[in-house]
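Engineer: Got a structure for you, questions after.
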DNA sequence: ACATATTGTTATGTTTACGCAACAATTAAT
DNA sequence: ATTAATTGTTGCGTAAACATAACAATATGT
């Protein structure tokens, strides 16, 4: 329960776990645990992560699972399944 | 470190601690601890509180202390201190 | 006046976030 | 080919989140 997009934002910003960890002042392993969803961070850490990524907390954390990226970015209407046969 | 406006939003919405606690599914005392700043909630609880209040997480929780309400709402330019003597 | 609800506080217990160390498995750089 | 960096995982320890109970103080309702 509760999903996050830490890994997506981190890789998008070209950061390693170690680097991100330094930016939000936690242990690098902690980032790993968070990305795997092994635990739920405090609002404090959530606010720091959102600040580093330059987005809202809601953009990084959600009570419901996040839809796959394709639905958010520019994915074709529906095709890629039996396209022009 | 980390301040919140839980009490302000709660009273503004006309909720008791018990009622708010029920809405976010925690113990009523937990609301008390949060309002006093005795501890920092998880993002999960923060998201639920923000959802109940109908605002963003950033509107309820901040890494820096919140300014007094007067600065946010319609407070007179500065007067109420030696007004028309 | 009495009862009920709300708040403030304190104490005890369980769970979990997070730090830190260690190591295997990939991957990237040279 | 070898080194270095990144990742995945496991284990142990500590601090803090949260549950629950208990009680005083004040307010609110009737």
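Chains as they are written, first to last, in the numbering used here: chain A, 179 to 263; chain B, 179 to 263.
In this text, a Cβ means the ideal position worked out from N, Cα and C, and glycines have one as well.
Just so it is clear, the structure is predicted and the values come from calculations on it, not from any experiment.
Taking only runs that begin and end inside the region 212-253 of chain A, name each unbroken alpha helix (DSSP H) of 4 or more residues, in chain order.
Structural biologist: The region 212-253 of chain A contains these whole alpha helix (DSSP H) runs: 221-231, 235-238, 247-250.
Engineer: Starting from residue 182 of chain B, follow its DSSP beta bridges and name the residues at the other end.
Structural biologist: The residue given as residue 182 of chain B occupies position 4 in the second chain. B:239, per the DSSP bridge assignment.
Engineer: Tell me which residues share the same chain as residue 208 of chain A and place their Cβ nearer than 7 Å to its Cβ, disregarding the 5 neighbours each side in the sequence.
Structural biologist: By 1-based counting over the first chain, the position of residue 208 of chain A is 30. Answer for residue 208 of chain A: 199, listed in chain order.
Engineer: Given a cut-off of 7 Å, decide if residue 202 of chain B and residue 230 of chain B are closer than it, judged by their beta-carbon atoms.
Structural biologist: Working through the second chain from its first residue, we reach residue 230 of chain B at position 52. Working through the second chain from its first residue, we reach residue 202 of chain B at position 24. Cβ distance < 7 Å, so residue 230 of chain B and residue 202 of chain B count as in contact.
Engineer: Tell me the DSSP secondary structure of residue 201 of chain B in three-state form.
Structural biologist: The residue labelled residue 201 of chain B in the question sits at position 23 within the second chain. Helix.
Engineer: Applying the criterion that 16 or more other CB atoms from any shown protein chain within 10 Å of the CB defines a buried residue, is residue 188 of chain A buried or exposed?
Structural biologist: Position 10 of the first chain holds residue 188 of chain A. When all chains shown are included, residue 188 of chain A counts as buried.
Engineer: Beta-carbon separation of residue 235 of chain A and residue 228 of chain A under 7 Å?
Structural biologist: Working through the first chain from its first residue, we reach residue 235 of chain A at position 57. Working through the first chain from its first residue, we reach residue 228 of chain A at position 50. It is a contact, given that the beta carbons lie within the stated cut-off.
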